[in-house]
Amino acid sequence: MEEVSPPTVGVSARGEQRIRGGHPWIYRADVVDVRAEGGEVVRVLGPRNRVLGDALFSDRSQISIRMLTRGETSADLPLLRARLERAAAYRETLEIDATAYRLVHAEADLLPSLIVDRYGDYLVVQALSQGMDRLLPLITAMLVEIAAPAGILARNDPKVRALEGLDQTVEVLYGSVPELVVAREGPVDYAVDLRKGQKTGLFLDQRENREAAARYARGRLLDCFSYNGGFALRLARQCPEAEAIDISADAVARIRANAERNGIPHLEAREANVFDELRRLEKTGVRYDTIVLDPPAFAKNKASIPNALAGYKEINLRAMRLLNPGGYLVTCSCSYNVNEEMFGAVLHEASIDSHTPVTIVEKRMQGRDHPVLAGVPETYYLKCFILRRVE
Ligand code: SAH
């Protein structure tokens, strides 16, 4: 009987160069020949049919190919399972002081477009490409064996799935998942809505930055873009006065509920637009010793970079003016399109324009459970600078 040949996708010389350069993505423009269906695991061939490795293939996304292996190594089930096991074992070594953390961080765990977050006994998964979506039942079965969860929820509702031609769904894939799950992060307990919360429920990528901020926070605290109070709840214990601001009424309700749950009655949460509120506060003459700025991604794409930089400059400049001498500003950007250098330049300009000399005390990124894959700048998205106003 004739052997069934595997599906293949041919790439251009430029595509081959990118793969050899270590990047896992090949864009549509570098695909020259497709003998596969969207969502299949394919063998990638370079010019003159050199075998470059196995990959997930998408027939809708601009990112056509996400490499799984290099050379002749085939991306079979044992290989996927070993990668899941390795990802989980790595997190074990981190001695994370939390019950919620990222178990699998996609490309950085060599499992492109797969996210797995742990919230205590529950896992939340996201499959963000056609190929990973097809593999999800197998991955789910492997996760049951590796992590022994009580339930696995698919939060397959991020917008990027639409670019892949995939539907938006939230469904239980295994066991059962309650309406609210309690997760602990350091000394703070959260009631998390895994089905409706932003991302998979919490901003897990900021956990270590909250820990770092706790080394400096003191006096009067202002947490801007607070969501459900991540920074505020962590820092308020050491700050006798603490305020949290978010534009969403739901978020403010959650901050209040979390403050009560954790016995932090002095944390005051209010609904406001940070841009307006910083201006208003400046006029009232109030000053702070610790300010956190953790806005949503202002630059969702390249075209919005100039506006995003203006936005970052505005809030940082105002926050610097609101700081007492000796005070700390914990300032973040999660826009991949604004890299560390650009963000640093914005902070420098804000310091000059606000006549506020600041020192850079720490330069940080997303937590170690969300590692950056060397040579793949797309995986370095979260910047967190801790600044100190000198005088
Ligand atoms: N700091 C949080 C995560 C922040 S996510 C944590 O550590 O968990 C960004 C938050 O900013 C969202 O909750 C969103 O509602 C809020 N937001 C967006 N635009 C805003 C604005 N202009 N003013 C105030 N809050 C805003």
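Residue numbering for the sequence shown follows my numbering, starting at 245 and increasing by one per position.
Every residue, glycine too, gets a C-beta built ideally from N, C-alpha and C.
Bear in mind the structure is a predicted one, so any value in this text is a computation, not a measurement.
Listed as beta-bridge partners of aspartate 277 by DSSP are Gly254. Judged by DSSP in its simplified three-state form, phenylalanine 475 adopts helix.
Just so you know, the alpha carbons of valine 295 and proline 250 end up roughly 12 Å apart. Within the same chain, and ignoring the five residues on either side of leucine 537 in sequence, the residues whose Cβ sits closer than 6 Å to its Cβ are Cys468, Ile559, Ala563 and Thr575. Around the Cβ of aspartate 533, a 10 Å sphere holds 16 or more other Cβ atoms; the residue is buried. Residue state for arginine 632 is assigned as strand, using DSSP reduced to three classes.
The ligand SAH has a heavy atom closer than 7 Å to the beta-carbon of aspartate 538. Take arginine 498, set aside five residues on each side of it, and the residues of its chain with a beta-carbon closer than 6 Å to its own are Asn472, in chain order.
Beta bridge pairing from DSSP links glutamine 370 with Ile359. Relative to the ligand SAH, tyrosine 471 has its C-beta within less than 7 Å of a heavy atom. Distances from the CB of isoleucine 263 to the heavy atoms of the ligand SAH are all 7 Å or more.
Residue burial is scored here from C-beta neighbours: alanine 352 has at least 16 other C-beta atoms within 10 angstroms and is therefore classed as buried.
Under a 10 Å Cβ-count criterion, alanine 406 is classified as exposed, with fewer than 16 other Cβ atoms of the shown protein chains found around its own Cβ.
Contact check for proline 268 and proline 402: beta-carbon distance about 19 Å, past the 8 Å limit, so the pair fails to qualify. Taking the Cα positions, aspartate 411 is about 11 Å away from leucine 372. Here glutamine 374 is buried, its C-beta having at least 16 other C-beta atoms within 10 Å. Positions of the alpha helix (DSSP H) runs, each at least 4 residues long and wholly inside the segment 437-500, are given as 451-457 and 474-479 in order along the chain.
Counting C-beta pairs closer than 8 Å gives fewer than three between the segment 342-350 and the segment 257-264, which falls short of the contact rule. Alanine 392 sits exposed, since fewer than 16 C-beta atoms from the chains shown fall within 10 Å of its C-beta. Placement of the Cβ of glycine 611 at a distance of 7 Å or more from every heavy atom of the ligand SAH is found. With contacts defined by Cβ atoms closer than 8 Å, tyrosine 418 and glycine 445 do not form a contacting pair.
When secondary structure is reduced to three states using DSSP, valine 616 falls in the coil class, being assigned neither helix nor strand.
When only Cα atoms are considered, threonine 528 and isoleucine 508 end up about 25 Å apart. Beta-bridge partners of leucine 573 (DSSP): Ile535 and Leu631. Assignment of asparagine 568 by DSSP, reduced to helix, strand and coil, places it in the strand class.
DSSP places aspartate 597 inside the alpha helix (DSSP H), whose first and last residues are 584-597.
The three-state secondary structure of serine 308, taken from DSSP, is strand.
Burial check for glycine 315: the Cβ neighbour count within 10 Å stays below 16, so the residue is exposed.
Taking the Cα positions, arginine 608 is about 11 Å away from alanine 457. Distance from leucine 438 to valine 368 at the Cβ level is roughly 5 Å; contact confirmed, criterion being Cβ atoms closer than 8 Å. Rounded to whole angstroms, the Cβ separation of isoleucine 390 and alanine 332 is 6 Å, and the two are in contact under 8 Å. Nearest C-alpha to serine 579 among Leu561, Tyr624 and Arg565: Tyr624.
Of the residues Ile359, Tyr366 and Leu354, the one whose Cα lies closest to the Cα of arginine 346 is Ile359. Taken atom to atom, the span from the alpha-carbon of arginine 531 to that of serine 420 is near 48 Å. For aspartate 377, same chain residues with a beta-carbon under 7 Å away, outside a window of 5 residues either side, are Gly283, Ala371 and Leu410 in chain order. Contact holds between the segment 583-594 and the segment 545-556, because three or more Cβ pairs, one in each stretch, are under 8 Å apart.
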